[in-house]
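Counting in the UniProt record's numbering, the sequence shown runs from 1 upward without gaps.
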Amino acid sequence: MTTKMFKKILIANRGEIACRVMKTAKKMGIKTVAVYSEADREARHVQMADEAVCIGPAPSRESYLLIDRIIQACKDTGAEAVHPGYGFLSENEQFARRCEEEGIVFIGPKYQSIAAMGDKIASKKLAIEAKVNTIPGFNEAIEKAEDAVKIAQGIGYPVMIKASAGGGGKGLRVAFNDKEAFEGFTACRTEALNSFGDDRVFIEKFVEGPRHIEIQVLGDSKGNIVYLGERDCSIQRRHQKVIEEAPSPFIDPATRKAMGEQAVSLAKAVNYQSAGTVEFVVGKDKSFYFLEMNTRLQVEHPVTEGITGLDLVEQMIRVAAGEQLAFKQEDIQLNGWSMECRINADDPFRNFLPSTGRLVKYRPPAEKDGVRVDTGVYEGGEIPMYYDSMIAKLIVHGKDRTEAIEKMRAALNDFVIRGIHSNIPFQAALLQHPRFVSGDFTTGFIAEEYPDGFKKDSVQPSDPRRLAALAAFMRYRYLEHIQMIDGQLAGHEMTIAKQFVVVTGARVGSSEDIQEIPIRVELKDGIYSVYIEQEGDISRYDIASNWRPGEICLRATINGAQHVTAQVERNGVKYTLILDGAQYECMVLSPLGAELQRRMLVKVPPDTSKLVMSPMPGLLTNIAVKAGDTVTAGQKLAAIEAMKMENTLLAAQDGVVAEVCANVGESLAVDQLIIRFE
């Protein structure tokens with residue numbers, strides 16, 4: 001049977017995944033159509049496509065989730081097929097069915113498979129019938145919070161409360177007691193209804209100390225189904241994946257084979273045709289239980305591509321066009337190690353609050369030597385508040401896990417983002433954590449290691465003196481730059497002193513908790529030798545670098561062996577250096593300047609303890625108090641929606657509400673006043 005490849009496909013998505021699909025389509029000689037909301041008019045995926053169609057206003061429920069408009073866009077442009085990416089309509093049975101009815105090929109599984117496996121309750125029943133290991137729980141939709149509490153008590157805490165149509169960490173809570181079960185059920189239903197239009201919720205036993213391992217499957221219309229190894233997605237924060245890798249440092253060949261065969265068995269039970277993922281929770285003894293099947297392309301699919309050499313998007317397109325898989329299970333070989341970091345627009349130092357705005361600078365690392373960047377943004381573009389927070393996916397491939405980690409750390413140091421906050425410092429810190437490096441982690445790793453959140457001092461520089469030396473080098477280079485300015489009066493040329501004092505402390509720029517580091521800089525044959533003497537111990541750093549003032553990345557070789565890339569900023573005599581997730585702030589002064597700095601008064605920050613201000617840009621969806629109310633610490637005050645997530649503001653202390661200063665439905669700016677206490 002001969003097949004005919006598509007000439008034009010429409011990508012029913014946005015951001016990095018839309019760009020990712022277009023990249024493969026163009027490689028295959030297929031023309032592409034983008035759809036976009038009014039907020040995405042200037043988006044990268046719109047610019048990449050051969051054609052683009054506006055499908056509505058910014059909110060996804062008025063654009064990317066409207067089946068009729070996407071179907072019409074296919075008809076208007078002559079697109080023969082549609083790739084849904086992930087999220088939005090990618091696991092929507094009605095969308096897949098409508099495409100089939102309208103004669104448009106859905107590049108994904110048949111709608112019957114989506115219906116069977118996309119619903120977590122139905123999929124669990126099917127898994128039981130297919131003799132796939134499943135977790136104990138209540139496998140029916142629960143109507144009331146009171147019922148949820150009783151069911152949770154019967155199963156035994158802790159339990160996991162899950163929305164049947166959930167995904168991406170939305171509509172999911174873990175409860176350790178009755179109060180958390182009651183509140184978690186209510187929150188799950190609300191979140192699921194807002195995100196997926198389906199508020200069904202069920203409960204199952206939470207396996208403590210688990211790993212999250214998923215098996216990639218690939219099937220064609222001829223009944224051939226293979227598994228492509230596993231991905232370890234255990235590094236999660238609030239049930240959202242942060243770092244993924246393939247293979248898993250925990251899974252042995254026998255367990256991989258057993259999990260893979262169960263995943264294939266489940267896929268065959270629903271005649272699965274396309275790329276899909278079967279997710280398992282794996283215990284310490286390597287016992288594994290079915291979680292769910294994602295009937296779409298996964299965010300983390302590049303790590304599987306890295307170790308198999310397959311282009312999963314290409315395989316999806318070929319299968320949808322009627323082609324048979326060109327390989328069998330025995331042909332699949334896993335080579336090397338691949339790792340992915342999700343680069344998100346959030347602020348790790350402010351409890352990962354969403355960060356929106358313009359990308360003033362955006363310079364991903366070069367895609368070479370096993371480094372890959374999947375992105376949907378560009379320098380000067382906007383990160384809107386209406387969609388998820390992903391900026392890019394940073395993927396590396398190495399011969400083994402150690403090399404993959406080293407490549408990822410170097411690539412993160414080289415990834416420049418300015419204008420908004422990103423989670424790069426957090427990712428860098430995780431990659432050097434001893435538990436991560438050793439592979440000894442579970443899904444609770446982040447909560448266990450950062451119970452109070454991620455702070456600027458959560459990761460310390462491995463060698464603070466090295467950063468002090470780099471700061472002094474930067475100061476010396478800046479003075480050299482000034483020295484080269486034309487028009488200096490003859491006989492009065494500037495002389496650069498060799499003695500400096502690097503001042504650090506709890507608050508750089510004040511006299512609070514300061515530390516002074518005397519430094520001497522010698523320049524010879526293009527090498528800047530920095531001498532640091534502390535407590536009778538002299539350290540020498542020979543720095544070779546072509547760095548010039550104004551450049552964000554300082555690339556240097558230290559002592560002929562260490563190759564470092566630090567991101568740097570200068571503001572007068574103040575310097576900030578970021579290396580491997582650690583932030584080092586200091587001032588580089590002359591000895592006299594250091595003496596004068598000691599005499600500076602400390603500026604007392606304003607008292608904001610009685611104010612509740614918006615920690616992020618977003619939509620104020622709820623205010624739970626009114627003027628005159630007495631509140632207690634931990635009580636809910638308000639809720640703000642940003643980047644598809646609801647963020648609850650809680651009272652930090654007991655108090656009485658003096659004034660409510662914002663209205664529900666109002667779009668808030670960062671630090672905008674919401675509530676004032678007496």
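Backbone N, C-alpha and C fix where the C-beta goes; we use that ideal spot for every residue, glycine too.
Near residue i, which residues of its chain fall below 8 Å by C-beta distance, leaving aside the five closest residues on each side in sequence?
{"i": "Ala192", "result": "Ala163, Ser164, Ala165, Gly166, Lys170, Gly171, Asp198, Asp199, Arg200 and Val201"}
{"i": "Ser458", "result": "Ala429 and Tyr450"}
{"i": "Ile251", "result": "Ile213, Glu230, Asp232, Met259, Val282 and Lys286"}
{"i": "Asp629", "result": "Val656 and Val657"}
{"i": "Gln583", "result": "Pro425, Lys456, Thr576 and Leu577"}
What residues in its chain sit with their C-beta under 7 Å from that of residue i, if we drop five residues either side in the sequence?
{"i": "residue 688", "result": "Absent from the model: residue 688. The displayed extent of the chain is 1 to 678, so no value can be given."}
{"i": "Tyr111", "result": "Glu93, Ala96, Arg97 and Glu100"}
{"i": "Ala18", "result": "Ile11, Ala34, His45, Gly85 and Gly376"}
{"i": "Leu334", "result": "Gly229, Pro247, Ile307 and Thr308"}
{"i": "Glu16", "result": "Asp374, Thr375, Gly376, Met390, Ala392 and Lys393"}
{"i": "Ala594", "result": "Val501, Val503 and Glu516"}
Excluding the 5 residues preceding and the 5 following residue i in the sequence, name in chain order all residues of the same chain whose CB lies nearer than 6 Å to its CB.
{"i": "Gln329", "result": "Val226"}
{"i": "Pro365", "result": "Val371, Ala411, Asp414 and Phe415"}
{"i": "Gly439", "result": "Pro249"}
{"i": "Val53", "result": "Val35 and Ala73"}
{"i": "Thr621", "result": "Ala639 and Glu641"}
How big is the Cα-Cα spacing for residue i and residue j?
{"i": "Ser510", "j": "Gly56", "result": "With a pLDDT of only 49 at Ser510, under 50, the local geometry of the prediction cannot be trusted, and no value is derived from it."}
{"i": "Ala404", "j": "Val396", "result": "6 Å"}
{"i": "Val670", "j": "Pro615", "result": "6 Å"}
{"i": "Ser667", "j": "Leu619", "result": "5 Å"}
{"i": "Thr308", "j": "Glu91", "result": "25 Å"}
{"i": "Val217", "j": "His481", "result": "57 Å"}
{"i": "Ser609", "j": "Ile70", "result": "49 Å"}
{"i": "Val76", "j": "Glu208", "result": "The amino acid at residue 76 is misidentified as Val; the sequence shows Asp. In a straight line, the C-alpha of Asp76 is about 51 Å away from that of Glu208."}
{"i": "Ala275", "j": "Ala115", "result": "16 Å"}
{"i": "Val437", "j": "Leu431", "result": "7 Å"}
{"i": "Gly381", "j": "Gln47", "result": "12 Å"}
{"i": "Ser195", "j": "Glu659", "result": "32 Å"}
{"i": "Gln597", "j": "Phe280", "result": "58 Å"}
{"i": "residue 690", "j": "Val82", "result": "What is shown of the chain runs 1 to 678, which leaves residue 690 out entirely."}
{"i": "Cys553", "j": "Ala471", "result": "13 Å"}
{"i": "Ala49", "j": "Asn344", "result": "24 Å"}
{"i": "residue 717", "j": "Glu244", "result": "Nothing can be reported for residue 717: it is not among the residues displayed for the chain, which extend from 1 to 678."}
Comparing C-alpha positions only, which one of the options sits nearest to residue i?
{"i": "His421", "options": "Phe280, Leu325, Glu641 and Pro617", "result": "Pro617"}
{"i": "Thr443", "options": "Arg189, Gln236, Glu659 and Ala145", "result": "Gln236"}
{"i": "Ala561", "options": "Asn546, Tyr541, Leu579 and Leu554", "result": "Tyr541"}
{"i": "Ile532", "options": "Ile517, Tyr272, Arg98 and Leu523", "result": "Ile517"}
{"i": "Gln515", "options": "Leu523, Lys524 and Val503", "result": "Val503"}
{"i": "Gly322", "options": "Asn663, Phe106 and Ala39", "result": "Phe106"}
{"i": "Lys284", "options": "Arg211, Ile17, Ile558 and Pro158", "result": "Arg211"}
{"i": "Gly505", "options": "Glu16, Leu554 and Cys586", "result": "Cys586"}
{"i": "Phe454", "options": "Gly87, Arg350, Trp547 and His83", "result": "Arg350"}
{"i": "Thr277", "options": "Ile215, Thr621 and Val264", "result": "Ile215"}
{"i": "Gln567", "options": "Leu467, Glu38, Lys150 and Gly219", "result": "Leu467"}
{"i": "Pro384", "options": "Gly526, Arg14, Phe280 and Gln240", "result": "Arg14"}
{"i": "Ile558", "options": "Ser539, His492, Glu551 and Ala594", "result": "Ser539"}
{"i": "Glu406", "options": "Ala58, Thr565 and Val264", "result": "Thr565"}
May I ask which residues mark the beginning and end of the alpha helix (DSSP H) holding residue i?
{"i": "Cys99", "result": "Glu93 to Glu101"}
{"i": "Phe436", "result": "Pro434 to Ser438"}
{"i": "Cys74", "result": "Ile67 to Thr77"}
{"i": "Phe426", "result": "Ile424 to Leu431"}
{"i": "Asp580", "result": "Unbroken run through Asp580: none, as it is neither H nor E."}
{"i": "Arg200", "result": "From DSSP, Arg200 is part of no alpha helix (DSSP H); its letter is neither H nor E."}
{"i": "Val373", "result": "Here Val373 belongs to no alpha helix (DSSP H); instead the beta strand (DSSP E) covers Val371 to Thr375."}
{"i": "Met613", "result": "Where Met613 is concerned, there is no enclosing alpha helix (DSSP H), although the beta strand (DSSP E) it sits in stretches over Leu611 to Met613."}
{"i": "Glu480", "result": "Pro464 to Gln483"}
With 16 as the cutoff for other CB atoms within 10 Å, does residue i come out buried or exposed?
{"i": "Phe441", "result": "buried"}
{"i": "Gly370", "result": "buried"}
{"i": "Arg61", "result": "exposed"}
{"i": "Leu65", "result": "buried"}
{"i": "Met494", "result": "exposed"}
{"i": "Asp452", "result": "exposed"}
{"i": "Tyr476", "result": "buried"}
{"i": "Glu204", "result": "buried"}
{"i": "Met600", "result": "exposed"}
{"i": "Asp331", "result": "exposed"}
{"i": "Met484", "result": "exposed"}
Residue range of the beta strand (DSSP E) that residue i falls in?
{"i": "Tyr289", "result": "Phe288 to Asn294"}
{"i": "Glu516", "result": "Ile514 to Lys524"}
Check whether the Cβ of residue i sits closer than 7 Å to any heavy atom of the ligand ADP, and report yes or no.
{"i": "Pro365", "result": "The ligand ADP is not among the ligands present in this structure, which contains no ligands whatsoever."}
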